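S.K.: One gets our numbering by counting positions in the sequence shown from 1 and adding 9 to each.
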Amino acid sequence: ICLIYPVTGGPRDFARFFVLETVARVPYFAYLSVMHLRETFGERGLGEKMRTHYAEADNELHHLLIMEELGGNDNAIDRVVAQSMAFGYYWYVVAVYAWSQPCAYHLSELIEDHAYNTYNTYLTEHEEMLKGMPVPKIASKYYVEDNPFLFDLFCTVKNRDEQGNFSTRRPELNSLYDVFVNVRDDEKEHWKTLCNLVQYGDMQGVENGLVKGTEPAPPVTTGA
10 ICLIYPVTGG PRDFARFFVL ETVARVPYFA YLSVMHLRET FGERGLGEKM
60 RTHYAEADNE LHHLLIMEEL GGNDNAIDRV VAQSMAFGYY WYVVAVYAWS
110 QPCAYHLSEL IEDHAYNTYN TYLTEHEEML KGMPVPKIAS KYYVEDNPFL
160 FDLFCTVKNR DEQGNFSTRR PELNSLYDVF VNVRDDEKEH WKTLCNLVQY
210 GDMQGVENGL VKGTEPAPPV TTGA
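Below, the structure written as structure tokens:
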């Protein structure tokens, strides 16, 4: 995606983000497919993960809808590229997740980290342009008008307020810049959840300030 769709500050950037978001939502419903199958064969206790992954897929869907409203899917070639990549990636993630959940989660952790950095760089380099552009209607509907139940559900690693209660994000949208800030921050939320799943097998493994990227295990040394 980085080679085919370089960020230039022009309208084609939205095509890049359309492709990115088409692919980014694939892992979450791949996880759900495998968990549904496991439930069918009698496994239980998957409800919390399934609800969270559904909320994550819904969040990524709304990122995709935002990019579509911005014209990111206007070109048929971009649509074919995005859909072809998503189709192949879906089956790949299904196979990896069925074999090893930590491996599948770590792959998504790396992708979400890349997405966060991509959006952060875009915001830094094109702040003035984005602040002069209006908020897409679908962004206002999702972040401001809709019931925040699903939005809160995917934010599993939260800060605590002064009373020790978990805080909630309530986005404020004044321009397209604010929309991209929230899309970027959503990717960070996904990354934190994935880090906890990889390292602790638990979405709430550690609190917000303690989350860090997964590091390679130290090599095993044998005595002389």
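Note that beta-carbon positions come from the ideal geometry of N, C-alpha and C, so glycine has one too. As the structure is a prediction and not an experimental result, all values here were calculated from the model.
Are Pro145 and Glu78 touching if we call contact CB-CB under 8 angstroms?
M.R.: In contact: Pro145 and Glu78 (Cβ atoms closer than 8 angstroms).
S.K.: Can you check the segment 14 to 101 for any alpha helix (DSSP H) of at least 4 residues that lies completely inside it and give the ranges in chain order?
M.R.: Qualifying alpha helix (DSSP H) stretches, in chain order: 21 to 33, 35 to 49, 56 to 78.
S.K.: Can you tell me whether Phe158 is buried or exposed, with buried defined as 16 or more other CB within 10 angstroms of its CB?
M.R.: Phe158 comes out exposed.
S.K.: Between Cys204, Lys167, Arg25, Asn205, which lies nearest to Ile75 when the distance is taken from Cα to Cα?
M.R.: Residue Arg25 is the option with its Cα nearest to Ile75.
S.K.: Could you check whether the segment 183 to 197 touches the segment 135 to 155, counting it as contact only if at least three pairs of C-beta atoms, one from each stretch, sit closer than 8 angstroms?
M.R.: Result yes; three or more Cβ-Cβ pairs closer than 8 angstroms.
S.K.: Does DSSP classify Ser109 as helix, strand or coil?
M.R.: The answer is coil: DSSP assigns Ser109 none of H, G, I, E or B.
S.K.: Measure the alpha-carbon distance for Leu132 versus Asp83 and round it to whole angstroms.
M.R.: Their backbone Cα atoms lie some 23 angstroms apart in a straight line.
S.K.: How close, in whole Å, do the beta carbons of Glu136 and Leu73 come, if the pair is a contact with beta carbons under 8 angstroms?
M.R.: No, Glu136 and Leu73 are not in contact; Cβ-Cβ is about 23 angstroms, not under 8 angstroms.
S.K.: So, are the CB atoms of Val90 and Val188 less than 8 angstroms apart?
M.R.: No, Cβ-Cβ distance for Val90 and Val188 is not below 8 angstroms.
S.K.: Of the choices Gly56, Trp200, Val102, whose alpha-carbon is the least far from that of Leu219?
M.R.: The option with the nearest alpha carbon to Leu219 is Trp200.
S.K.: Over the uninterrupted alpha helix (DSSP H) stretch that includes Ala148, give me the two end residues.
M.R.: First-last of the alpha helix (DSSP H) with Ala148: 146 to 149.
S.K.: What separation, rounded to the nearest whole angstrom, lies between the Cα atoms of Leu55 and Cys164?
M.R.: Their Cα atoms are separated by approximately 18 angstroms.
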